[in-house]
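At the far end of the sequence shown sits residue 637, using our numbering, and the numbering has no gaps.
Just so you know, even glycine gets a beta-carbon here, dropped at the ideal spot from N, CA and C.
Quick caveat: nothing in here was measured; it's all calculated off a predicted structure.
Data block below; observations after.
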Amino acid sequence: MSDASSQSDDTPVVSNLDPECSLTDLTEGEYYLGTVNGVVDYGVFVDISTAVSGLIHESSLKTDYEVGEEVVVELAEIKESGDVSFEPVDFTDYQLVGQRPDYDRSVVTTLEDSNGDHVHLEGSVIQIKQTRGPTVFQVRDETGIVPCTSYEGAGVRSHPEIDVGDHVYISGSVGTRNGGVQVEVDTAEALEGEDGKRVGERLEAATAVQSDPVEVDPTIEWDPLLDMRSDLTDLARQLRAAVLEGRPIRIRHHADGDGMCAAAPVQMALERFIGDVHEDPEAQQHLLKRLPSKAPYYEMEDATRDLNYSLGDQERHGQKLPVLLMIDNGSTAEDTPAYRTLDEYDIPILVIDHHHPDPDAIEPFVDAHVNPYLYGEDYRITSGMLSVELARMIHPSLGETLDHVPAIAGLADRSKADAMEQYLELAAEAGFDEAYLDDIVAALDYAAYMLRYNSGGDFVTDILAIEDEAGRHRDLVELLAKRAREEMDHQLESGMDHVEHERLANGAHLYRIDLDEFAHRFTYPPPGKTTGELHDRKVEETGEPVITVGYGPDFAVLRSDGVRLDIPEMVTDLNAELPGAGVSGGGHLVVGSLRFVPGMREPVITSLIERMADAELDEKLSSSASP
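Following this line, the structure appears as structure tokens:
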């Protein structure tokens, strides 16, 4: 026996009938593959489908057969009574082809109401998982995705001729597992030629329609947001298409307040859309991961970890390699080494960020990049503000539950955007005044530090009050915010006496502190937060332009108020001036961080301060400026 593709035209064709085939699907004189189901004195009974059984009369037998033995037969006659007679065939080589009955095709969305029924599906295999028991094929049609289980033996791969990406015909019985629908396979066949093309075209057309984001009104009327809406829509379309195609999505986001305000709503929207598309209740768990990144860019450590997990999931669970969604980071040249690594595996990269970008560096590697700087705006439009719009496009059911989140994101990132007043008003209408939003920001920041590299899951959404079915949100925020402020006060009480002050040539106040010497380490608040709180207090104290620098053995954290710091340009200049210092970093016009080799700390800090003394004062970047 051989498959049809390797045979010449004169090789006999033997049909392997679908179990549902009946007499009306048969033709006298054709050859069929059957199984012996009984041996009697007057002949051998052979099943060629569940519904069709016939007799090889003893006069035609040339050899002995046993029950369960496969045999190729020629259909000699279908009698008026419905009885079927076969003749045995002894082929040394033949083409075995599947034959399906005439059938009414079912679609995935109707299976929930078809429990126990025998159904016929056509679709595409998006995942093949071999369990200790059956093989599970995730099959997608134009309405959804359903697990189809086929059992050949414990841990034995069923239908090894079928691969991920193949268009298939499936027949089987509808059942349930873990509260979800599945199909127990009787027949599975790869569709080729016109049949495969027809299924492919149907799925392609469905994806084009279903991936289109839902039309929703923007959260607020704000021209810069409207300018970016087209690219946000395209980003939502690519994410919805990934879900429809059964492709995993890994969300990487900056581990701070704005990053979590941005990533959590998108995660929830994607979870809901996955639930709409997949009949498997475990699909959300397997196809979507949200992971924080401590650095404000995609580190090689994170990239190699993501790649390792993804390749493992591909090997163990038959999953496709994922789409990477970068949120609140991913726009700078520091991201490119990690991006180059993922590019070797053709992993799509989507970015939504508000840090100062380096488009020339990252554009060769990303499939979408939404960033206010690309529209003549800046960091004041936070990632959280953008991502709330994105989440509502992906799944509008989130609706008003997200109305307060952009205001939290803006306060967390100290945004002076023109629309902050609108966002604060929207949050107030939802029951969140500004004082309480500040508590949420403090609680969120404290949680981000304690979670380290853990996403926080429902803990984060409880803090954000996106969903609070258990009613724990307010008590949780009060507890965490109080703890955060107590530990912050303790940190500053220890360090305030060691803050150095000078007046720069441009008139700005410079405050700096050696965090390695005069701050508690390995506890909350971390260096960036310590520097930020010290900065805020000095801004309030002076009411004038302020720059604050907190530094350690190999890093410096920068904050400014009323001073325009071009941190990417500073990094370039420092590397040119101080070869061997290994300076890297980035940020906004008013916040950023640098890294360097420890032995060059003093020259780097000295040169950095010289550049700060030449920086332009800008009232628009002052916290006292009207939004």
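Boundaries of the beta strand (DSSP E) harbouring Val-149: 145-150, taken from the DSSP string. Distance check between Ala-86 and each of Gly-48, Met-403, Glu-579 and Thr-37 places Thr-37 closest, using alpha-carbon atoms only. Look at Gly-189 here: in three-state DSSP terms it is coil, with no helix or strand label. In the three-state reduction of the DSSP assignment, Ala-86 falls in the strand class, which pools E and B. With respect to the C-alpha of Ser-603, the residue from Thr-616, Val-581 and Asn-585 having the closest C-alpha is Val-581.
Proximity of the segment 498-505 to the segment 319-336 falls short of the contact definition, fewer than three beta-carbon pairs being nearer than 8 Å. In this structure, the straight-line span from the alpha carbon of Met-430 to that of Ala-419 is close to 10 Å. Boundaries of the alpha helix (DSSP H) around Asn-318: 310-327. For the pair Leu-236 and Gly-285, the Cα-to-Cα distance works out to about 29 Å. Taken atom to atom, the span from the alpha-carbon of His-128 to that of Ser-181 is near 7 Å. In chain order, Ala-265 place their CB closer than 6 Å to the CB of Lys-304, counting only its own chain and leaving out the 5 sequence neighbours on each side. Where Glu-444 is concerned, the enclosing alpha helix (DSSP H) starts and stops at 444-461.
Under DSSP, Gln-432 forms no beta bridge with any residue. If you draw a straight line from the Cα of Glu-387 to the Cα of Asp-428, it comes to about 11 Å. Along the length of the segment 215-259, whole alpha helix (DSSP H) runs at least 4 residues long occupy 233-237 and 239-254, reported in chain order. In this chain, the alpha helix (DSSP H) harbouring Phe-283 covers 267-287. Per DSSP, the unbroken alpha helix (DSSP H) holding Thr-540 starts and ends at 537-552. Residue state for Val-166 is assigned as coil, using DSSP reduced to three classes. In the DSSP assignment, Pro-613 falls within the alpha helix (DSSP H) that extends over 611-623.
With a cut-off of 8 Å on Cβ pairs, the segment 350-358 is not in contact with the segment 553-563, counting fewer than three such pairs.
Annotation for Ser-397: the continuous alpha helix (DSSP H) segment containing it runs 393-404. Each of Val-24, His-130 and Arg-187 was checked against the Cα of Leu-106, and the nearest Cα belongs to Val-24. Per DSSP, the beta bridge partners of Phe-565 are Arg-605.
Listed as beta-bridge partners of Asp-571 by DSSP are Val-556. The count of Cβ pairs closer than 8 Å, one atom from the segment 216-234 and one from the segment 166-174, stays below three, leaving the stretches out of contact.
A residue is called buried when at least 16 other Cβ atoms come within 10 angstroms of its Cβ; Lys-72 does not meet this threshold and is exposed.
Going by beta carbons, Ile-557 and Ala-518 fall inside the 7 Å limit. Bridge pairing for Asp-57: Thr-45 and Ser-63 [DSSP].
In terms of Cα proximity to Val-361, the closest of Ala-272, Arg-150, Ala-529 and Gly-572 is Ala-272. At a Cβ-Cβ threshold of 7 Å, Glu-194 and Thr-159 count as neighbours.
For Ala-422, the closest of Glu-439, Pro-347, Ala-440 and Tyr-456 by C-alpha to C-alpha distance is Tyr-456. Nearest to Glu-122 by C-alpha distance, out of Arg-326, Val-191, Leu-447 and Asp-472, is Val-191. Each of Asn-26, Ile-391 and Arg-462 was checked against the Cα of Gln-432, and the nearest Cα belongs to Ile-391. Linking Pro-536 to Tyr-459 through their CA atoms gives a straight-line distance of about 8 Å. Here Thr-119 is near Thr-153, since their CB atoms are less than 7 Å apart. The beta carbons of Gly-595 and Arg-605 sit about 6 Å from each other, so the pair counts as a contact at 8 Å.
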